[in-house]
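Written out below as structure tokens is the structure these notes cover.
In the numbering used here, the protein residues as written are 40 to 432.
Here is the structure:
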């Protein structure tokens, strides 16, 4: 059996590694040497899981979506990450990383955010732990995710609008890395997805793997078996997808379908479909697929979804796509909007725009009535109401 997990050098096949400025070398090496020992320790696990239970509200429900199941001819379960404290899966990772930062003696936290959910989660755990926090966010995203910006400020975080580039997630990440370079000794960078230099992709995947661990137990309870026929999730950087599939990576009985942001179409020049349009390159410290010109200049991405508006992809997902382990579909803006309204009207659940890209894969699938399908609703749609109402008039 081929393993789809990371190797000792931080690579999934040819994707991954740590390509970093010299000034960050010691910081990243220290993290690489310590993260596994810390997060696998009994004291960490005890504190982490107690907070997941009592603070986040885990386990998140695995909900049988009866009307959606009838619509698509399968047995469809929704993993309800939208019901977590702060409204998305991001809190799972943020709590784990701040516990790690505290054990490593770091005293200042920085983060980047696109849709604002990771920023809110980071600001939340910083308030919980009494640590100062600065969140970098593209000015475009600050405007379209105003409510999340105000939530971060209310929680005590400093929100820094980034005016460079396309003023979205890529540019926020660039600024966060610049900050990290200036404060490597005392600052811990809580990265929100399975991107960045090793060990971040592995660390975030491990912290989010609570999702697939729960799916196994919940499916056994609901269906008498611990694996589905299909796992489905949206993918930008890839943290909710990594968490959804983590315990099933090497289980060939389970088919994986991931939905990335097609924007206005993969041939339109306005897309964030990195797996469809990207080529091998380096972005934010990892070797992965990147949307770039022939001479290596990053192409500005576009998506209606702030959380998927990124010109790279986590190295795990690049590898799964290249190896054929995962099927990746490019979902256009209009398809995501329609899927969001469908879930809202059929099940009374308003999903985040990011999650809607997973839901929009359902009409493109061919299911048997006996197929067990688990789809992760990564976040709730409160933050996107302005976009929904504007676009669906």
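Glycine included, every Cβ here is placed at the ideal spot set by N, Cα and C. Quick caveat: nothing in here was measured; it's all calculated off a predicted structure.
Per-residue DSSP class, three states only, for residue 337: The answer is strand: DSSP assigns residue 337 an E or B state.
Rounded straight-line distance, which links the Cα of residue 62 to that of residue 45: Looking at the two C-alpha atoms, the distance is approximately 25 Å.
Element boundaries [beta strand (DSSP E), containing residue 102]: 101-103
Three CB pairs or more closer than 8 Å across the stretch 43-58 and the stretch 358-374: Because the criterion of three Cβ pairs below 8 Å is met, the stretch 43-58 and the stretch 358-374 touch.
Extent of the continuous beta strand (DSSP E) run through residue 200: 197-201
Backbone CA spacing between residue 280 and residue 272 [nearest angstrom]: Cα to Cα, the separation comes out at about 5 Å.
Cβ separation of residue 278 and residue 327, assumed to be a contact under 8 Å, to the nearest whole Å: No, residue 278 and residue 327 are not in contact; Cβ-Cβ is about 14 Å, not under 8 Å.
Through-space distance from residue 355 to residue 67, alpha-carbon basis: 19 Å
Nearest-angstrom Cβ-Cβ length linking residue 243 and residue 254, presumed shorter than 8 Å: That belief does not hold up - the Cβ atoms of residue 243 and residue 254 are roughly 18 Å apart, past 8 Å.
Beta-carbon proximity list for residue 104, same chain, < 6 Å, skipping 5 on both sides: 115, 117, 386
Residue interval of the alpha helix (DSSP H) (run including residue 380): 372-386
Beta-carbon separation (whole angstroms), residue 156 vs residue 346, contact threshold 8 Å: 7 Å
Which of helix, strand or coil DSSP assigns to residue 40: Reliability of the predicted coordinates at residue 40 is poor, the pLDDT of 44 falling under 50, and the value obtained from them is presented with this limitation in mind. Coil.
Residue 170 versus residue 122: straight-line alpha-carbon distance, rounded: Spanning the alpha carbons of residue 170 and residue 122 requires a straight line of approximately 25 Å.
Sufficient close CB pairs (3 or more, under 8 Å) joining the stretch 124-131 to the stretch 142-157: yes
Residue 146, buried or exposed, once every other Cβ within 10 Å from all chains shown has been counted against 16: exposed
Residues that DSSP places opposite residue 366 in a beta bridge: Bridge partners of residue 366 according to DSSP: 296.
For residue 152 and residue 162, the rounded distance between their alpha carbons: 11 Å
As assigned by DSSP and simplified to three states, the class of residue 177: In the structure shown, residue 177 falls within a strand segment according to DSSP collapsed to helix, strand and coil.
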